[in-house]
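Per my numbering, the sequence shown starts with residue 6, numbered consecutively. Below is one structure, written out as structure tokens, with a few remarks after it.
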Amino acid sequence: MTNRRDFLRNAALLTAGGLLAGKTGKALAETVPATGAEASKLIGLQIYSLGKELYPDVAAGMKKIKDFGYSTLELAGYGDGKINGIDMEEFRKITEDAGLKIISTHVNPPVREYTEGNKGQIVDFWKKACDDHARIGVKYIIQPGQPSTRSTEEVAFVSEVFGEAGAVAQAAGLQFGYHNHEMEFARVRPGGTEAVFGRRGFGPDVKDAELIYDGLLKYTDPSLVFFELDVYWAVMGQVDPVEYLRKHADRIKVLHIKDRAVLGESGMMNFELIFKQAYINGIGDYFVELEGVRDITQFEGVKGCADYLKNAAFVK
Ligand code: MG
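Below, the structure is given as structure tokens:
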């Protein structure tokens, strides 16, 4: 069944003066820009959401994802030029055959402790990862794992390494981003030895303590590093994602739309306000992420998330 979003998109294409006459449905889908002004109509999926369920038959899985209403993908599972053991060019072909476009990827460098001694190794890792992803046309390369940050100085050093990764990505034609969980909303202080989480940790009374996330925003170069805000983990980190979107409209360019399990079911996420602010900010790309389903398959959960967004009046 054609939903409202597909109808509007197709109507917009048809008014383009019959340019698409004679092309196949697949060509039509490929004609839809995956980024920019049209992108707000496209629902993205982080493929980690499907876990192992995707891999017995990736081609069939991609067709299901497309049928659920997704248009763009963010990869997970990169390692040595492959995605979960599948050659990246092959992976791209399978997704494009299903009418999906890969625009983003999650990649973690091999170390969590960043030091002057291993900085070169981290930068070399990013060079290969960026080259591999540039070859398949990915736009964003995003680090989802938090390096160790126990003090303000470590946050500043990690930010410096992120900047180097950002420069490597830029040289390859990609944009480097950072994705949060909840522990980026712990606090550190100058000369500190641990990150302290929660209201009863370093409170506002400790004047030199700051949230790790705020430090990353402050110490990274905006021309080299952007942020993909995971709105669920922000809430779990005891901050308001809408407030962050308002304050950092220039830095948060992509979202992870996530709930405790299937979107909208927990009641703890105000997606209406989040989407409202995202549109004000001009955010075009976001990815649904699913974790935590119990009595249903991950495919069923991923479908449930798409249904929630397709039926939500606040999603354009
Ligand atoms: Mg996430």
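Just so you know, even glycine gets a beta-carbon here, dropped at the ideal spot from N, CA and C. For clarity, every value in this text was computed on a predicted model and none was experimentally measured.
DSSP state of GLU187 mapped onto helix, strand, coil: The answer is coil: DSSP assigns GLU187 none of H, G, I, E or B.
Other residues of its chain near VAL163: CB distance less than 6 Å, five sequence neighbours each side excluded: Cβ neighbours of VAL163 beyond the five flanking positions: TYR119, PRO152, THR154.
Residue environment, LEU19, which counts as buried when at least 16 other CB atoms sit within 10 Å: Residue placement at LEU19 is poorly supported in this model, since its pLDDT is 38, which falls under 50; the coordinates still yield a value, given next. Answer is exposed; the Cβ neighbour count stays below 16.
Buried or exposed by the 16-neighbour rule on C-beta atoms within 10 Å, applied to ALA39: Reliability fails at ALA39, whose pLDDT of 43 lies under 50, so the model's placement of it is uncertain and no value is given.
Start and end residues, beta strand (DSSP E) containing PHE292: Start and end: 290-294.
Span of the alpha helix (DSSP H) around ASP72: Where ASP72 is concerned, the enclosing alpha helix (DSSP H) stretches over 63-73.
Continuous beta strand (DSSP E) stretch holding GLU233: start and end: Where GLU233 is concerned, the enclosing beta strand (DSSP E) stretches over 230-235.
Buried versus exposed call for ILE285 [16 or more other C-beta atoms within 10 Å across all chains shown]: Classification for ILE285: exposed.
According to DSSP, residues forming a beta bridge with GLY84: For GLY84, DSSP records a beta bridge to LYS87.
With 16 other Cβ atoms within 10 Å as the buried cut-off, status of PRO149: If you draw a 10 Å sphere on the C-beta of PRO149, you find 16 or more other C-beta atoms in it, and that means buried.
Buried/exposed call for LYS321, threshold 16 Cβ in 10 Å: Classification for LYS321: exposed.
Own chain partners of VAL211 with C-beta closer than 8 Å, once the 5 adjacent residues on each side are dropped: Here the set comprises ARG192, ARG194.
LYS144, enclosing alpha helix (DSSP H) - first and last residue: Neither: LYS144 is in no alpha helix (DSSP H) and is coded neither H nor E.
CB contact below 8 Å: GLY178 versus chain B: No chain B appears in the structure shown, which is made up of a single protein chain.
Exposed unless 16 or more other CB atoms sit within 10 angstroms - verdict on PHE232: That one is buried.
Coil, strand or helix - VAL201 by DSSP: It is a strand residue.
Cβ distance (whole Å) where VAL247 is taken to contact GLN282 below 8 Å: Indeed, because the Cβ distance is near 5 Å, the residues count as touching under 8 Å.
Limits of the beta strand (DSSP E) - the one that ILE107 falls within: Here the beta strand (DSSP E) through ILE107 covers 106-111.
Whole-angstrom distance between ALA65 and GLY287, CA atom to CA atom: Cα to Cα, GLY287 sits roughly 33 Å from ALA65.
PRO114 classed as buried or exposed, judged by whether at least 16 other C-beta atoms fall within 10 angstroms: Buried, since its Cβ has 16 or more Cβ neighbours within 10 Å.
Check whether HIS261 and PHE292 have beta carbons under 8 Å apart: In this structure, PHE292 lies closer than 8 Å to HIS261 by Cβ.
Check: LYS258 C-beta below 7 Å from any heavy atom of the ligand MG: Between the ligand MG and the CB of LYS258, the shortest heavy atom gap is not smaller than 7 Å.
Where ILE285 sits in the DSSP three-state scheme: Three-state DSSP puts ILE285 in a helix.
CA nearest to the CA of GLY196, picked from GLN51, GLY182, MET241, GLU158: Answer by Cα proximity: GLU158.
ASP72 Cβ short of 7 Å to the ligand MG heavy atom set: Flag unset: Cβ of ASP72 not near the ligand MG.
Classification of TYR75 by the beta-carbon crowding that lies within 10 angstroms, buried from 16 upward: Residue environment for TYR75: buried (at least 16 other C-beta atoms within 10 angstroms of its C-beta).
DSSP beta-bridge partners of PHE181: Its beta-bridge partners are ILE146, VAL230.
Sequence-distant residues of the same chain with beta carbon closer than 6 Å to GLU169, five excluded per side: Within the same chain, GLU169 has close Cβ partners VAL128.
For ASP235 and LEU55, the rounded distance between their alpha carbons: ASP235 has its alpha-carbon roughly 17 Å from the corresponding atom of LEU55.
Neighbourhood of the ligand MG [Cβ distance below 5 Å to any heavy atom], ordered by chain position: Chain-ordered list of matching residues: ASP235, HIS261, GLU294.
Cβ pair VAL143, ILE108 closer than 8 Å: Result yes, Cβ atoms of VAL143 and ILE108 sit closer than 8 Å.
CB of TYR145 within 8 Å of CB of GLY84, strictly: The answer is no: Cβ separation not under 8 Å.
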